[in-house]
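Sequential numbering from 301 applies to the sequence shown in this note's numbering.
Built from N, CA and C at the ideal position, the CB exists for glycine as well.
Quick caveat: nothing in here was measured; it's all calculated off a predicted structure.
Following: one structure in structure tokens, then a few remarks.
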Amino acid sequence: MTGIILLGPPGAGKGTQAKKLTEEFGIPQISTGDMLREAVKNGTELGRKAKAFMDSGGLVPDEVVIGIVKERLAAGDCAKGFILDGFPRTIPQAAALDRVAEELGKEIRFVLSLEVDPDELMERLCGRRTCTGCGAMYHVKFRAPKEDGKCDKCGTALIQRDDDREETIRKRLENYNKATAPLLDYYKTTGKIRSVMASGEIDAIYGNIVKILR
Ligand code: AMP
């Protein structure tokens, strides 16, 4: 298996499905959002550059994210394959990915377009909670932890992401429609794009994804 891109609006379940694919297929999830949040947490130069864009629900400049993805794809654990979650998000990022993949001798096999009813996205994002320890994801209504506010897997506290608040979510959805949705057209001619109905149960959606990949 080689490279897979998970494309879809915030709240489509890219991170959740990427984690399941990583567990089953043993290929890494490359989430630019996770990498940027880690950089912000650690106060690195990258984090300082990215923070204001992220807090306002905007996109981090292309050259910044392209740089981190390029470095990440060159790592040894991407040799068998990788799952891109949240990248590319703009046409220049997609064009840069084509160039980097060629340079590194990697192939993008599938672009999975996760499709969800827009009304569902807001509910999913507002209720989303993330474990600060292991990154596991929960939802106050659809996937509640056994003990309130605590991760089932590692016991660490769950938090609500700063950008999972209604005002910022609106901005992120607007940005998706403006900057990221045009990627569907960009990839249309490649024959790599597959639509995945991504409303409903996590496991059923995952089953549809695996069917496509096999
Ligand atoms: P995510 O976790 O994928 O929702 O990303 C959280 C935030 O990180 C986004 O709202 C952006 O501010 C930033 N970000 C993540 N990936 C990218 C990307 N590929 N291009 C630009 N900004 C990004």
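Out of E466, K314, E407, L336, the CA that lies nearest to the CA of G381 is found in E407. When DSSP states are grouped into helix, strand and coil, Q460 belongs to the coil group. The region 326 to 370 is shown to contain whole beta strand (DSSP E) runs of 3 or more residues at 329 to 331, in chain order. For G507, the enclosing alpha helix (DSSP H) starts and ends at 502 to 513. With contacts defined by Cβ atoms closer than 7 angstroms, F410 and T332 do not form a contacting pair. Between Y506 and L412, the alpha-carbon positions lie close to 12 angstroms from each other.
Around the beta carbon of R389, a 10 Å sphere encloses 16 or more other beta carbons of the protein chains shown; the residue is thus reported as buried. Residue range 408 to 415 is occupied by the beta strand (DSSP E) that includes V411.
In this structure, the ligand AMP has no non-hydrogen atom nearer than 6 angstroms to the beta-carbon of G427.
Remark: C-beta atoms of S499 and V416 approach each other more closely than 7 angstroms. Straight-line spacing of the CA atoms in R461 and T489 works out to 36 angstroms. Sixteen is the threshold: when 16 or more other Cβ atoms of the shown chains lie within 10 Å of the Cβ of T468, as they do, the residue is buried. Taken through DSSP and simplified to helix, strand or coil, D448 comes out as coil.
The straight-line gap separating the alpha-carbon atoms of I459 and P309 is approximately 21 angstroms. Here DSSP, grouped into helix, strand and coil, assigns G303 to strand. Bounds of the alpha helix (DSSP H) holding R399 are 391 to 404.
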